[in-house]
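In the working numbering, the protein residues as written are 396 to 1301. Below you'll find the structure, written out as structure tokens, and then a few comments.
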């Protein structure tokens, strides 16, 4: 079976065809969202979205709608009202259902114009019919206050003809007998002031004849232009002279009524049919109806037996009500008639049957649409992930609606209508729910709360619960609506976001602490560098200048170590650092560590390399393991004033377990968990960036191991880390992470990797390891063999050029270009032997300048110099056409060796 209405893919289409237009309005009246499900021109996004709807409404509608809107906001309850809207000469009627929604109001616009118009037409027709049946012999009139003219028709016999006639108010008053004019004028004023159904009798004199008239109003309507349209009946009540006209008037009124009226004899022969009946059944007005049988014409009574059955129903009680479906054989647009049939017996004792029926097709279509919409809403509610229960307050809180998911999310087999909570739940639970219902019903204030629990499978479930009261009217009692939503997924997501927010705030606090620490750590060596640099310039004592130089050099190394640690951590965490693997003898490695640190320990502190298995070999990155052990020993040196620092390793379950143990101050228990956090300094008075242990952790984990710490405050600390053991590692391998194959590019650029070479972050931070220069002494010895050359230096910073001038100026002729554009122009003029090209310069950067020069010469050596020292910077320089790369700060020996290399090559 095709269950179209149950298919979620059809939901939007069905809603568009049947649902109300939705407007979400903030408390200021501004439409913040709209879902139009109709084609009405003023209910579109471009007209309403983002605008104050009350400023767009006519004053008449705004004055009636605004108080309801404010009540919904103030009392937080839903209200449904009907309103009239007159725009662009058209009058619309709509039902507006207003619901409180997150501090705003959700408005459902439901167009009831057609229904209202049909209702008004039916009411008018019924009133006309009732008055015709009541008084008979009547005429109809209409009066407009702006025109001050009567429009009238009928057979009253006084000024009336079959066609509509008009007469001014003043002219008509002249026909009224003088003694009755005041009565007529007062009646007129009362009808203008307000709707008045009181009738009056008065006399008119026409062509010398006196007639008695009765007049009554049945309609008073205010038109858009402000004028009043008043309509009513007029009846000639002259008993003798105009009895024939009375009958004609009644016949005319019935003949022109909107109801379908006919009369027939007992055998079905028609004796009367009004125009509406003839029209609906396709009969001409001049047809001789006495030759027709009703059951040959009406589709709802196709046989004489059917006609006889209806007659018997009317005969039994004098009248009978009926609904006739598809009563016309030719007009299929008429869905049904609703009417009444009367049995009438004349003076001769002959029975006839009179039928008065009105077309209810529009009402049926509207009701069908409402039923369909209700079905859609029921289906939608039943498939929502929510439990909805509606209880009648004045009927012991019994259910009048309950969908298949309820409070406890259990399906209920069978009907729940008429039952209450005590039929579903244990008495304790039911009583608790009853007290909640009583509270909401008595106060009118809704309840909203969230509960956590377990579902039937033991899974965590979080439910959002609400209870609200919906007031009734004289025909219905108030109700309690309980809604329960499963918000487990949403709530868990919210908690995850809160956790992420807390972590981000913690990270931000760590960053702030790091920056404060960096300020101190950078300024400290800079203070010594700046101060002693001035003293070197002022001193004439060679021995004193050498002492000052050593101090400056030591602080240079300290500053470079600081920068190196920051860059190293950044590379490791971003995954672009290189690891060079090869066979490593752990005993030899540890001896090298001992030799490097034995003279750096304080007096009274011994550095002990504990006996370990001298035969153990593993496949790892020697420099990185050296770096980790050195950092751990360097960290121990800071906090150990006496006693010993011992280290060693052992093989445990295919893992090499390293340890570094000191007898220093130890770590407070509450701080142990933060040891490996980035930028964390547990002792604010100790030197360091707070990055060393974080770097160790990152390196160990990249090498496949784990690191841990144990400490006793005041006694000492032990750091341990593990590395995987491979007993047959003979070859060397190189791992590059997050890089494409770049070995060729690096090899062609002298292999200089500055602080990012992977061999730079030892705890002592010596300058040679930072620059990775293994041949500087050799270059110094052979430097004099280089012939003087012309070197073009592209450098925008004066101090950097002065440094190059000081290093190279005594041997070579240096020509300076202040930016990339000037470098291109000067190259073409000077034709230098070699170019030192800064990367970051104004106007034209060094990479773009190199590309242009390479179009002029493919052979001139170009060495890139930059403070950008990552591998991607080297690669970018090579791709632009540079032969080599040197990172700032520039080491004198390294620069001279590089220039010697390329001048010798060229």
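The beta carbon of each residue, even a glycine, is placed where N, CA and C say it ideally should be.
Find out if the Cβ-Cβ distance for the pair residue 862, residue 826 is shorter than 8 Å. Taking the first residue of the chain shown as position 1, residue 862 is located at position 467. Taking the first residue of the chain shown as position 1, residue 826 is located at position 431. Residue 862 places its beta carbon 8 Å or farther from that of residue 826.
Flag this pair as yes or no: are the beta carbons of residue 1219 and residue 1247 separated by less than 8 Å? Position 824 of the chain shown holds residue 1219. Position 852 of the chain shown holds residue 1247. Their beta carbons are under 8 Å apart, which means residue 1219 touches residue 1247 by this criterion.
Please go through the segment 650-691 and give each complete beta strand (DSSP E) segment of 3 or more residues, from N-terminal end onward. Counting whole runs of 3 or more residues, the segment 650-691 contains the beta strand (DSSP E) stretches 655-660, 665-668.
Quick check: what's the CA-CA separation for residue 608 versus residue 737? The residue you call residue 608 lines up with position 213 of the chain shown. The residue you call residue 737 lines up with position 342 of the chain shown. A straight-line Cα-Cα distance of about 30 Å links residue 608 and residue 737.
Anticipated Cβ contact below 8 Å, residue 1326 with residue 1056, distance rounded: Since the first and last residues shown for the chain are 396 and 1301, residue 1326 lies out of range.
Could you check how far apart the C-beta atoms of residue 674 and residue 692 are, in whole angstroms? I think they sit under 8 Å. Counted from its first residue, the chain shown places residue 674 at position 279. Counted from its first residue, the chain shown places residue 692 at position 297. Contact flag wrong, Cβ pair sits at about 12 Å.
7 Å Cβ shell around residue 1107 - same chain, five flanking residues per side excluded: To locate residue 1107, count along the chain shown from 1; it is residue 712. Excluding positions up to five away in sequence, the list reads 1061.
Proximity winner among 415, 1254, 483, relative to residue 767 (alpha-carbon distances): Within the chain shown, the letter at position 372 stands for residue 767. Closest by C-alpha distance to residue 767, out of 415, 1254, 483, is 415.
Give a yes or no on contact between the segment 837-853 and the segment 814-824, applying the rule of three or more CB pairs nearer than 8 Å. Between the segment 837-853 and the segment 814-824 there are fewer than three inter-stretch CB-CB distances shorter than 8 Å, so the stretches are not counted as touching.
Do the segment 531-540 and the segment 469-476 meet, that is, are 3 or more Cβ pairs less than 8 Å apart? No, the segment 531-540 does not touch the segment 469-476.
Alpha carbons only, please: which of 1266, 1067, 417 is nearest the one belonging to residue 439? Locating residue 439 in the chain shown gives position 44, counting from the first residue. That would be 417, whose Cα lies nearest to the Cα of residue 439.
Check whether residue 731 and residue 756 have beta carbons under 8 Å apart: Here the question's residue 731 lines up with position 336 in the chain shown. Here the question's residue 756 lines up with position 361 in the chain shown. Yes, the pair counts as a contact, with Cβ atoms nearer than the cut-off.
Meets three-Cβ-pair contact criterion under 8 Å: the segment 645-665 and the segment 680-688: Below 8 Å, enough C-beta pairs join the segment 645-665 and the segment 680-688 to call them touching: three or more.
May I have the straight-line CA-CA distance separating residue 1281 from residue 1234, to the nearest angstrom? Mapped onto the chain shown, residue 1281 falls at position 886. Mapped onto the chain shown, residue 1234 falls at position 839. Whole-angstrom Cα-Cα distance: 11 Å.
Kindly indicate which three-state DSSP category residue 1262 falls into: helix, strand or coil? Taking the first residue of the chain shown as 1, we reach residue 1262 at position 867. If DSSP states are grouped into helix, strand and coil, residue 1262 belongs with coil.
Simplified DSSP assignment, three categories, for residue 1056: Indexing the chain shown from 1 puts residue 1056 at position 661. Strand at residue 1056.
How is residue 716 classed by DSSP in three states: helix, strand or coil? As a first step, residue 716 must be located in the chain shown, where it is residue number 321. Looking at residue 716 - three-state DSSP - the assignment turns out to be strand.
What three-state label does DSSP hand residue 1299 in the structure shown? Residue mapping note: residue 1299 aligns to position 904 of the chain shown, counting from 1. Assigned with DSSP and collapsed to three states, residue 1299 falls in helix.
Quick check on DSSP: helix, strand or coil for residue 1288? Taking the first residue of the chain shown as position 1, residue 1288 is located at position 893. In the three-state reduction of the DSSP assignment, residue 1288 falls in the helix class, which pools H, G and I.
Beta strand (DSSP E) runs wholly inside the segment 970-995, at least 3 long, in chain order: Unbroken beta strand (DSSP E) stretches of 3 residues or longer found wholly inside the segment 970-995: 973-980, given in chain order.
Quick one: measure Cβ to Cβ for residue 875 and residue 836, integer angstroms, because I've assumed they're closer than 8 Å. Within the chain shown, residue 875 is the residue found at index 480, counting from 1. Within the chain shown, residue 836 is the residue found at index 441, counting from 1. Indeed they touch by this definition, with Cβ atoms about 6 Å apart.
State buried or exposed for residue 720, treating a residue as buried only when at least 16 other CB atoms are found within 10 Å of its CB. One-based indexing of the chain shown puts residue 720 at position 325. So residue 720 counts as exposed.
Since residue 1015 and residue 1098 should fall inside the 8 Å C-beta cutoff, what is the C-beta to C-beta distance between them, to a whole number of angstroms? Position 620 of the chain shown, counting from 1, holds the residue named residue 1015. Position 703 of the chain shown, counting from 1, holds the residue named residue 1098. Confirmed, about 6 Å.
So, with DSSP's three-state summary, where would you put residue 903? By one-based count along the chain shown, residue 903 stands at place 508. It is helical.
Three or more beta-carbon pairs under 8 Å between the segment 596-605 and the segment 501-514, yes or no? Contact between the segment 596-605 and the segment 501-514 is absent, because fewer than three Cβ pairs lie under 8 Å.
For residue 1181, I'd like the list of residues in its chain whose CB is within less than 6 Å of its CB, leaving aside the five on either flank, ordered along the chain. For the purposes of this step, residue 1181 is taken as the residue at position 786 of the chain shown. Taken in chain order, the residues that qualify are 1295, 1298.
Own chain residues within Cβ distance below 6 Å of residue 796, not counting five before or after: On the chain shown, position 401 is the one that residue 796 refers to. These residues qualify, in order along the chain: 785.
Distance between residue 928 and residue 947 (C-alpha atoms, nearest Å): Locating residue 947 in the chain shown gives position 552, where the first residue counts as 1. Locating residue 928 in the chain shown gives position 533, where the first residue counts as 1. Residue 947 and residue 928 have their C-alpha atoms roughly 7 Å apart.
Could you confirm whether any beta carbon from chain D is found closer than 8 Å to the beta carbon of residue 718? Although the question refers to chain D, the structure presented lacks it and comprises just one protein chain.
Below 8 Å between beta carbons: does that hold for residue 752 and residue 654? Counting from 1 along the chain shown, the entry for residue 752 is found at position 357. Counting from 1 along the chain shown, the entry for residue 654 is found at position 259. Judged by their CB atoms, residue 752 and residue 654 are nearer to each other than the 8 Å cut-off.
Relative to the ligand NAD, is the shortest distance from any of its heavy atoms to the C-beta of residue 1064 smaller than 7 Å? The model depicted lacks the ligand NAD and carries no ligand whatsoever.
Nearest-angstrom Cα separation, counted from residue 762 out to residue 716: Indexing the chain shown from 1 puts residue 716 at position 321. Indexing the chain shown from 1 puts residue 762 at position 367. Each residue's alpha carbon lies about 20 Å from the other.
When you compare only the Cα positions, how much space is there between residue 451 and residue 504? Counted from its first residue, the chain shown places residue 451 at position 56. Counted from its first residue, the chain shown places residue 504 at position 109. Their backbone Cα atoms lie some 15 Å apart in a straight line.
Helix, strand or coil: how does DSSP classify residue 495 here? The count along the chain shown starts at 1 and reaches residue 495 at position 100. Reduced to three states, the DSSP call for residue 495 is strand.
Report back the beta-carbon spacing between residue 1021 and residue 987 to the nearest angstrom; my notes put them in contact at under 8 Å. Counted from its first residue, the chain shown places residue 1021 at position 626. Counted from its first residue, the chain shown places residue 987 at position 592. Residue 1021 to residue 987, Cβ: 7 Å. Contact.
Let me know the beta strand (DSSP E) ranges lying completely inside the segment 749-797, each 3 residues or longer, listed in chain order. Listed in chain order, they are 781-787, 793-797.
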